[in-house]
Every structure is written in structure tokens, then in C-alpha cells.
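Working notes, beginning with the structure itself.
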Amino acid sequence: ALGAYIIGLTKSFESDISSKKDAAIILDENELMINISGKNKLKTMFLKTFAAQISDNIYKVDYSSFLNECNNPEDIKKKITLFKQEVSEDYPRIWDNFFKEIVKKSVALEKSEGMIVYKLRKDQELIDLILKDEVLKKNILKVENFQIAIDKKDLSRVRKRLEEFGYVGIID
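Counting in the numbering used here, the sequence shown runs from 56 upward without gaps.
Below, the structure is given as C-alpha cells:
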């Protein structure tokens, strides 16, 4: 049920983890560590979805352990919400910073729908032209491994300029 909730197969997750009083979950104030006092198999299994067990009652949280089974920003937000609901809504600042950081990192890259990437063949004349021609330099981004990126809105301009130098049909 927990896994299905995290990956979005179900819209809610009901548990009785927080209602079990035989094992308390304590969040460390200085490190991303969780201490569980007492024995409770359900809580232990639950904690393993967020943290790596390093001793009988101590769990360590890091990016890898917390983000396990998360595939996108929504999965991460759901997992944070679940953690807050079931472990503690009153958590130390280090935990708040960790949650903010992983949410921020989950949206650090934005897919550019407007860019097209081309791989250059070993044509030194073309490479020199792209590096030196003012029109091409202005409209082509250099990418690693002999690749270039051209904004879709600049394709026509780049195509026409390349045609002036005899490069016909290489930009579609």
C-alpha cells in the first residue's frame, strides 16, 4: 500500500503507524538520523522506506535512502508529506532544510522544448565556421562532444546562413 501510494497508483495511504505507542520515533536535531525506541515491526518497515538501518534502532537518512522509489517531483512531495504525517509534523530545522533542498533539486533542470541538438561530423571547415561566423555564433550554442543546440526560432536563420557557405540540407 505504501509503495502504491508513493508511485501514484493510489491517492491515499492509511496506516496505523503513528497510533502505535510501543515504539517512539525520535528525529535527531543535528543529523539526519532517526532513533526508534522499542520494537515495532510496522514502524521498522516503514522507516526503511525513508532511511538506511545502521543499527537495531538507528536509521540514517540521505538522498539515496529518502529518494528511493521516487521518480519525479510529485513522488518526492508525496513522500515528504507521508513522512511528516506518519513520523513527525514537528521536526527539527535540519529536517526542514533537507526537505526543502530535495524539492529544490528535483526541479533544478527544465527540459527545453525549444532547442534542437545536432552532433557535428568531423568537418573542420564547418566547425571553424560555427566558431568564427558572427551570425552563427549568435544563434548556435556550443555543447560538449561536438554537439550544438539551436533554438527552434533560430533554425531558419541558421539554415540560410549555412546555405550561404554551401551547407545545404544539414539543418531540418
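For glycine and all other residues, C-beta sits at the position ideal for the given N, C-alpha and C.
None of these values were measured; they are calculated from a predicted model.
CB residue 109 to CB residue 102, shorter than 9 angstroms?
Not closer than 9 angstroms, so no.
Check the DSSP bridge columns for residue 197 and list the partner residues they point to.
203
Are there three or more Cβ pairs, one per stretch, closer than 8 angstroms when the stretch 182–195 is compared with the stretch 150–169?
no
In the DSSP output, what is residue 114 paired with across the bridge?
89, 108
Counting Cβ pairs, one atom from each stretch, are 3 or more of them under 8 angstroms apart for the stretch 175–186 and the stretch 125–144?
no
Keeping to the same chain, check which residues put their C-beta closer than 7 angstroms to that of residue 201; ignore five residues upstream and five downstream.
174, 175
Using the three-state DSSP reduction, which class does residue 60 fall into: helix, strand or coil?
helix
Taking the C-alpha atoms as reference points, what is the distance between residue 87 and residue 206?
43 angstroms
To the nearest angstrom, report how far apart residue 104 and residue 188 are at their CA atoms.
55 angstroms
Quick test of your reading: residue 58 and residue 78, contact by CB under 8 angstroms. State the CB separation rounded to the nearest angstrom.
So it is not a contact: roughly 22 angstroms between Cβ atoms.
According to DSSP, simplified to helix, strand and coil, what is residue 155?
helix
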